[in-house]
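In what follows, a single structure is set out as structure tokens and then discussed.
Residue numbers (the working numbering): 456 to 605.
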């Protein structure tokens, strides 16, 4: 079941995201960052256990980012990631965002949802504010994908 995350979920979200970050699959998030952005997160819970998460982060005027998408390994390929991404898309539409984007090492996954690869230079500098603190800066190899919602 998907639900909005709350404060009691922070440590588990942090653990899941950073497990994948340590493997090089995504960027790490500090515990402080998860606390500060907890209202952006959705979690997938099964039998009282958090097995996946994702965040929708407002970024700029009519643009929001889908970030920190992670599903525990043994629960992958069961449609949970798809449900989490769809929750973000639905939430973005509810807020009135016209586009959502994702920075990812796995562009094919997002292309299944109608995202298309876009040149990073075409996006406002505001979306790059976290890049300075990234361990991969300035040699980022994430791919930028965008989905128009309307």
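Glycine is no exception: its CB is placed at the ideal position from the N, C-alpha and C atoms.
Under 8 Å between the Cβ atoms of residue i and residue j?
i	j	result
residue 597	residue 539	no
residue 525	residue 481	yes
residue 602	residue 551	no
residue 599	residue 554	no
residue 499	residue 535	yes
residue 493	residue 547	no
By DSSP's criteria, residue i is part of a beta bridge. Which residues make up the other side?
i	result
residue 508	498 and 525
residue 575	None, per the DSSP bridge assignment.
residue 598	559
residue 519	513 and 555
residue 603	554
What first and last residue would you give for the alpha helix (DSSP H) that runs through residue i?
i	result
residue 535	535 to 550
residue 430	With the chain covering only 456 through 605, there is no way to say anything about residue 430.
residue 488	486 to 491
Quick check: what's the CA-CA separation for residue i versus residue j?
i	j	result
residue 542	residue 457	8 Å
residue 565	residue 503	28 Å
residue 467	residue 520	21 Å
residue 471	residue 577	31 Å
residue 476	residue 523	9 Å
residue 474	residue 516	32 Å
residue 604	residue 507	24 Å
residue 556	residue 545	14 Å
residue 573	residue 563	13 Å
residue 532	residue 487	30 Å
residue 495	residue 462	12 Å
residue 501	residue 514	30 Å
Locate the beta strand (DSSP E) running through residue i, then write down its first and last residues.
i	result
residue 553	Per DSSP, residue 553 belongs to no beta strand (DSSP E) and is neither H nor E.
residue 459	457 to 459
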